[in-house]
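Enquirer: Protein chains in written order, with numbering that gives the first Met the number 0: chain A, 0 to 397; chain B, 0 to 448.
For reference, the structure I am asking about is given below.
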Amino acid sequence: MGKMRGSGIVVLVSALLLVSGAALAQNLMVQCPGDTDGDMIPDLPGYENVVCKHVTAGDGYAVMPDGKLMYTFGFSEVPAGTTEPRVFAERQLKAEFTGPHIVLREGDELYLNLTNVGMVARPDLFDAHSVHWHGIPNQGSIFDGLPESAPTVVIGATFPYYYSTAGRPGTYFYHCHVEVSEHMQMGMVGALDVLPAQDGTPIGGFTKFAYNDGDGSTGYDVSKTLILAGFDSNFHDKHIRVQPLPFADMLDDYHTINGRGYPDTINPNPLGSVPENNNHFSQKHDSVITVNQNQRLLLRIANISTTHLFTVRVLGIPMKVVGLDAKLLRNGATDLYFDTDSVTVSGGQAADVLLDTTNVAPGTYFFYTTNVGELINGGEERGGMMTEIVVCPPGGCA
Amino acid sequence: MISSPTRYRSILALVAAGLILVVAPGAFAAIQGVTGTSFNLVARQDRITLGDGDSMLMWGYANGAGRMQYPGPTLILQQGVPVTVKLTNQLPAAAGNVSIVFPGHQVTAVGGVSGVLTREAVVGDPEGVTYAFTPTEPGTYIYHSGTRMDLQVEMGLVGAIIVRSTTASTSGCPNLGAAFNNLAGGDPRCLETKYAYNHAGTGYHREFLFFQTDLDPKLHRLVEFGRFNRIDTTEGFATCWFLNGRNFPDTLAEAGVPWLPTQPYNCSPIMRPGETILVRMVTATRDPHPLHFHGNHVRVIARDGRMLSSGPGNGPDLSFENYTVIGNPGQTVDALFTWTGEGMGWDIYGHAPGDPEQPYEVLADHGTPFPVVLPARDDLVLGQFYSGSPFMGSQGSLPPGHPGLNAAGGFFFMWHSHTEKELSNNNIFPGGLITLLNVVPWTAELPVE
Numbered sequence: 000m001g002k003m004r005g006s007g008i009v010v011l012v013s014a015l016l017l018v019s020g021a022a023l024a025q026n027l028m029v030q031c032p033g034d035t036d037g038d039m040i041p042d043l044p045g046y047e048n049v050v051c052k053h054v055t056a057g058d059g060y061a062v063m064p065d066g067k068l069m070y071t072f073g074f075s076e077v078p079a080g081t082t083e084p085r086v087f088a089e090r091q092l093k094a095e096f097t098g099p100h101i102v103l104r105e106g107d108e109l110y111l112n113l114t115n116v117g118m119v120a121r122p123d124l125f126d127a128h129s130v131h132w133h134g135i136p137n138q139g140s141i142f143d144g145l146p147e148s149a150p151t152v153v154i155g156a157t158f159p160y161y162y163s164t165a166g167r168p169g170t171y172f173y174h175c176h177v178e179v180s181e182h183m184q185m186g187m188v189g190a191l192d193v194l195p196a197q198d199g200t201p202i203g204g205f206t207k208f209a210y211n212d213g214d215g216s217t218g219y220d221v222s223k224t225l226i227l228a229g230f231d232s233n234f235h236d237k238h239i240r241v242q243p244l245p246f247a248d249m250l251d252d253y254h255t256i257n258g259r260g261y262p263d264t265i266n267p268n269p270l271g272s273v274p275e276n277n278n279h280f281s282q283k284h285d286s287v288i289t290v291n292q293n294q295r296l297l298l299r300i301a302n303i304s305t306t307h308l309f310t311v312r313v314l315g316i317p318m319k320v321v322g323l324d325a326k327l328l329r330n331g332a333t334d335l336y337f338d339t340d341s342v343t344v345s346g347g348q349a350a351d352v353l354l355d356t357t358n359v360a361p362g363t364y365f366f367y368t369t370n371v372g373e374l375i376n377g378g379e380e381r382g383g384m385m386t387e388i389v390v391c392p393p394g395g396c397a
Numbered sequence: 000m001i002s003s004p005t006r007y008r009s010i011l012a013l014v015a016a017g018l019i020l021v022v023a024p025g026a027f028a029a030i031q032g033v034t035g036t037s038f039n040l041v042a043r044q045d046r047i048t049l050g051d052g053d054s055m056l057m058w059g060y061a062n063g064a065g066r067m068q069y070p071g072p073t074l075i076l077q078q079g080v081p082v083t084v085k086l087t088n089q090l091p092a093a094a095g096n097v098s099i100v101f102p103g104h105q106v107t108a109v110g111g112v113s114g115v116l117t118r119e120a121v122v123g124d125p126e127g128v129t130y131a132f133t134p135t136e137p138g139t140y141i142y143h144s145g146t147r148m149d150l151q152v153e154m155g156l157v158g159a160i161i162v163r164s165t166t167a168s169t170s171g172c173p174n175l176g177a178a179f180n181n182l183a184g185g186d187p188r189c190l191e192t193k194y195a196y197n198h199a200g201t202g203y204h205r206e207f208l209f210f211q212t213d214l215d216p217k218l219h220r221l222v223e224f225g226r227f228n229r230i231d232t233t234e235g236f237a238t239c240w241f242l243n244g245r246n247f248p249d250t251l252a253e254a255g256v257p258w259l260p261t262q263p264y265n266c267s268p269i270m271r272p273g274e275t276i277l278v279r280m281v282t283a284t285r286d287p288h289p290l291h292f293h294g295n296h297v298r299v300i301a302r303d304g305r306m307l308s309s310g311p312g313n314g315p316d317l318s319f320e321n322y323t324v325i326g327n328p329g330q331t332v333d334a335l336f337t338w339t340g341e342g343m344g345w346d347i348y349g350h351a352p353g354d355p356e357q358p359y360e361v362l363a364d365h366g367t368p369f370p371v372v373l374p375a376r377d378d379l380v381l382g383q384f385y386s387g388s389p390f391m392g393s394q395g396s397l398p399p400g401h402p403g404l405n406a407a408g409g410f411f412f413m414w415h416s417h418t419e420k421e422l423s424n425n426n427i428f429p430g431g432l433i434t435l436l437n438v439v440p441w442t443a444e445l446p447v448e
């Protein structure tokens, strides 16, 4: 794509700019090369690999399975067509936990525009925000989101992050890196998967793969991304009460997959809509997994907890780990895949796990942390970090 | 949210660290430690300074007549060369006996008194214990007290051992292949390649120690106040986290600074594009710590001083790449890290197409324009290590009051615990288990290793 940019002048697109001229809206300058009509989808030839997103960072609320209201910070995606003057009015208090799930194809160039919409429920704060693409190989400081070494964006402004994905398939995630212990604990995390270039090519009976394996050994039929994270309710309560933050005492007591504790994990509907967040669905991501017998299931498991390492297991279906930290487990020509019944994922790690359901009897199987003390939603037992995998008969469930 | 006094103090400390980076770049080199075949360690009580300004009572190992240090002196040994380590005990009487165990080595101990794991040195006994072993395998190891470990390791009686391989260093410049602007083999700027293990696949140019420890102030205060009957290590709950005995931002200060007399080691990795760093990671903590590497993956080549190899001569063929490495209590990991900027899709030097290439520049990106327009300066918070320019080796305009800690125009990457609560010093953020890698252009002056 680089050559197509020619003069190096990025096509700056905003509906407002096109209508009113460049003098206005300096702060919310969303950048999407090749897009001529403001829908964040490039139209010009040569920009086929460009993917544009507009994400906001701010505050909001999530609801735990026991009804506990949790004050959060988080990301939220701006719907295409939202004009820039409306971003503030429409996107405040819409923090989501977990944030928008970003899925790219290897070779995509991502222009991720981050607008800081401020913390409405904590107007005393003026924190900047950033996006750190966790684990991307060979990053430059400018797009690394690290507040020590890069610019981060103030309330009311937009920062354009650029990422090239060629040669970088795998399971990643993203999070804010500003005052990172606090902002991550508050919920500023999201899933980020890069599908390999090999996808679409039939190899070994599959057309979808975890990595460019060349032999179909990471092929799968169904995939699910599972973000392990948690909340320390004491930290969040003190936060909304404008108290000193308890970093030393931080210890999560609500453990979640994709932003929800069990049994909310198996609820297929969007959740987290309360008057406090103007009835925004702040918990959009379920962990419902349905697979037909004899199919292969890929679980992309990433841990973003600020306090816990987790070991996870699927009761009754063995695991094959084929990737770690967005790298195929292979050294030269030698596969380093390993068969296991559980896998340990620390904060900041990800594992790609294949589950083969050949001859697995149809039924419900549980994915859960074997740190069994964390199967809680605060004071409520039989919850926390758990979800269900439903294995249907070969033809599918009725 | 940071309370302002804290923010102020942190910034002051960072400014201090940064001034050193600018004024005296000569101190990054290699791993500090003591070499030889006969070591004289003395267990003593002393104090360290935490990142939040607090002071903490410690027990630790001193090198001979020197002060106790945290962690203990890094013993740098040669593979196959026998060594002796004499330990004497000058701790207060209440501390009781003390000892050293050397995981990964076959040790004989003479003198002192019999203990559970090994022979122990009694307080005040000038003869102490002498441990002897021959390090048969190269790599990174830990040593620590083998006496009342739940308290004594927490108190600081722990250190690192590096065993150098018998493979001779080689000269010449890295050849990363046709995709890069490799330097000619004899270029004088290139460092020798050293070998962590006896195989070409373990070569590196610079090495840095990442000794991870943690601390529960409550236990140290009970020791200080002599309330030994109140000490219950089962209730230990760490609230301070260290790299090489220092909390961030002290990790970045120079080694041996006079204001940290009992914490002589820093942790301030630096490299040039195309070079390879050897990360020697030692963990001596109550809990596991996941060390996350910004900038690129590391390749894990060894654990506990044993190369990840399928058999003799095969090299690290069982090595793998991680973006986060778990440091388990008592374990060591060796990992290789390199950085070139490959695959980023823009020219990190901001070159025009006809400009000359930099060493190890990614040729495919040469002259490729920067992909975005950066927002106006007033829309941004500029980090203290931001040069004002997105390009390596360049400077841009910075507002008044910016400390300007990036004189070389380097790319700073944070290497830190991804159990993010550990980025604090006893309830004060930021701090703890953080350091910054600085990737500097080849035009910058760097010390010879």
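Idealized CB from N, CA, C, for every residue including glycine.
None of these values were measured; they are calculated from a predicted model.
At a CB-CB cut-off below 7 Å, which residues of chain B make contact with Thr55(A)?
Expert: Here the premise fails: no neighbours, minimum Cβ distance about 15 Å.
Enquirer: Considering only the alpha carbon of each residue, which of Phe410(B), Leu373(B) and Pro398(B) lies closest to Met391(B)?
Expert: Checked all of Phe410(B), Leu373(B) and Pro398(B); the closest Cα to Met391(B) is Phe410(B).
Enquirer: Compare the Cα-Cα distances from Cys51(A) to each of Ser272(A), Leu124(A) and Ile101(A) and report the closest residue.
Expert: Minimum Cα distance to Cys51(A) is reached at Ile101(A).
Enquirer: Out of Glu360(B), Gln330(B) and Asp333(B), which one is the CA nearest neighbour of Thr339(B)?
Expert: Ranking Glu360(B), Gln330(B) and Asp333(B) by Cα distance to Thr339(B) puts Glu360(B) first.
Enquirer: If the criterion is Cβ atoms closer than 8 Å, does the pair Thr264(A) and Thr356(A) meet it?
Expert: No, Cβ-Cβ distance for Thr264(A) and Thr356(A) is not below 8 Å.
Enquirer: DSSP beta-bridge partners for Ser75(A)?
Expert: Answer is Thr55(A), bridged to Ser75(A).
Enquirer: Quick one, which residues of the segment 297-329 of chain A are near chain B if we go by CB-CB under 8 Å, in chain order?
Expert: Here the close residues are Ser304, Thr305, Thr306, His307, Leu308, Leu323, Asp324, Ala325, Lys326 and Leu328.
Enquirer: Which parts of the segment 268-296 of chain B are runs of the beta strand (DSSP E), unbroken and 3 residues or longer, counting only runs that do not cross its ends?
Expert: The segment 268-296 of chain B contains these whole beta strand (DSSP E) runs: 275-283 and 288-292.
Enquirer: Give a yes or no on whether 8 Å exceeds the smallest Cβ distance from Pro24(B) to chain A.
Expert: Confidence in Pro24(B) is poor, its pLDDT being 36 and thus under 50, which makes the residue's placement too unreliable to answer from.
Enquirer: For chain A, check one thing: does any of its Cβ atoms lie closer than 8 Å to the Cβ of Leu11(B)?
Expert: Bear in mind that the predicted position of Leu11(B) carries a pLDDT of just 41, short of 50, making it unreliable; the figure below should be weighed with that in mind. It does not; no Cβ of chain A falls within 8 Å.
Enquirer: If you measure from the beta carbon of Ala22(A) to each beta carbon in chain B, is any gap under 8 Å?
Expert: For Ala22(A), the pLDDT reaches just 33, beneath the cut-off of 50, and the residue's location in the model is therefore unreliable, leaving the point undetermined.
Enquirer: What do you reckon, are the CB atoms on Ala61(A) and Gly271(A) nearer than 8 Å?
Expert: Yes, Cβ-Cβ distance for Ala61(A) and Gly271(A) is below 8 Å.
Enquirer: With 8 Å as the threshold, decide whether the Cβ of Pro374(B) is near any Cβ in chain A.
Expert: Closer than 8 Å: yes.
Enquirer: Show which residues of chain A have a CB atom less than 7 Å away from the CB atom of Pro352(B).
Expert: By Cβ distance, chain A contributes nothing, its closest Cβ being about 10 Å from Pro352(B), past 7 Å.
Enquirer: Residues of chain A with a CB under 7 Å from the CB of Gln394(B): which are they?
Expert: Near Gln394(B) there are no residues of chain A at all, since even the closest Cβ is about 14 Å away, more than 7 Å.
Enquirer: Taking 6 Å as the limit between beta carbons, can you name the residues of its chain near Pro440(B), skipping five residues before and five after?
Expert: Here the set comprises Met391 and Gly392.
Enquirer: What do you reckon, are the CB atoms on Leu436(B) and Phe412(B) nearer than 8 Å?
Expert: The answer is yes: Cβ separation under 8 Å.
Enquirer: Which residue from Asn62(B), Gly103(B), Pro72(B) and Ala64(B) puts its Cα closest to that of Gln78(B)?
Expert: Nearest option by C-alpha distance: Gly103(B).
Enquirer: Apply the 10 Å Cβ neighbour rule to Ala22(A) and answer buried if 16 or more other Cβ atoms are within range, or exposed otherwise.
Expert: Because the pLDDT of Ala22(A) is 33, which lies under 50, any placement of that residue in the model is unreliable, and the number read from its coordinates should be weighed accordingly. It is exposed - the Cβ of Ala22(A) has fewer than 16 other Cβ atoms within 10 Å.
Enquirer: Compare the C-alpha of Leu214(B) against each of Cys239(B), Leu90(B) and Glu223(B) and name the closest.
Expert: Nearest option by C-alpha distance: Cys239(B).
Enquirer: For a test of the three-state rule: what should DSSP assign to Asn376(A), helix, strand or coil?
Expert: Three-state result, Asn376(A): strand.
Enquirer: Pick out whichever of Gly134(A), Arg312(A) and Met384(A) has its Cα sitting closest to the Cα of His293(B).
Expert: If we check each option's Cα against that of His293(B), Gly134(A) comes out closest.
Enquirer: Per DSSP, what are the beta-bridge partners of Cys239(B) in this structure?
Expert: Leu214(B) and Asn424(B).
Enquirer: Cβ of Phe309(A) within 7 Å of any heavy atom in the ligand NAD?
Expert: Absent from the structure shown: the ligand NAD. Ligands present: none.
Enquirer: Where does the unbroken alpha helix (DSSP H) through Ser403(A) begin, and where does it stop?
Expert: There is no way to answer for residue 403(A), as the model of chain A reaches only from 0 to 397.
Enquirer: Go through the segment 325-361 of chain A residue by residue and report every complete run of the alpha helix (DSSP H) that reaches 4 residues or more, in order.
Expert: Runs of the alpha helix (DSSP H) inside the segment 325-361 of chain A: none found.
Enquirer: Determine the burial state of Asn278(A): buried for a count of at least 16 other Cβ atoms within 10 Å of its Cβ, exposed for fewer.
Expert: By the 10 Å Cβ count, Asn278(A) comes out exposed.
Enquirer: Considering Cα atoms alone, identify which of Phe125(A), Val116(A), Gly394(A) and Arg167(A) is closest to Gly73(A).
Expert: Taking only the C-alpha atoms, the option nearest Gly73(A) is Val116(A).
Enquirer: Hey, how far is the Cα of Glu320(B) from the Cα of Gly322(A)?
Expert: For Glu320(B) and Gly322(A), the distance between alpha carbons rounds to 10 Å.
Enquirer: Once the 5 residues before and after Ile230(B) are set aside, which same chain residues still bring their CB inside 8 Å of it?
Expert: Correct list, in chain order: Leu150, Leu218, Leu221 and Val222.
Enquirer: Considering only residues of the same chain and omitting the five flanking positions on each side of Ser423(B), which have a CB-CB separation below 6 Å?
Expert: So the list reads Gly430 and Gly431, once near-sequence residues are dropped.
Enquirer: Quick test of your reading: Val428(A) and Tyr364(A), contact by CB under 8 Å. State the CB separation rounded to the nearest angstrom.
Expert: Beyond the ends of chain A as shown, which are 0 and 397, falls residue 428(A); an answer cannot be given.
Enquirer: List the residues of chain A whose Cβ lies closer than 8 Å to the Cβ of Phe319(B), in chain order.
Expert: Per Cβ cutoff of 8 Å: Leu323, Lys326, Leu328, Asn330 and Leu335.
Enquirer: Quick check on Arg104(A) - is its C-beta less than 8 Å from some C-beta in chain B?
Expert: No, because no Cβ of chain B sits closer than 8 Å to the Cβ of Arg104(A).
Enquirer: So is Pro24(B) buried or exposed if we call it buried at 16+ other beta carbons inside 10 Å?
Expert: With a pLDDT of 36 at Pro24(B), under the threshold of 50, the predicted position of this residue should be treated as unreliable, and no value is reported.
Enquirer: Of all the options Met57(B), Gly171(B), Ala363(B) and Thr192(B), which has the alpha carbon lying nearest to the alpha carbon of Gly184(B)?
Expert: It is Gly171(B) whose Cα lies nearest to the Cα of Gly184(B).
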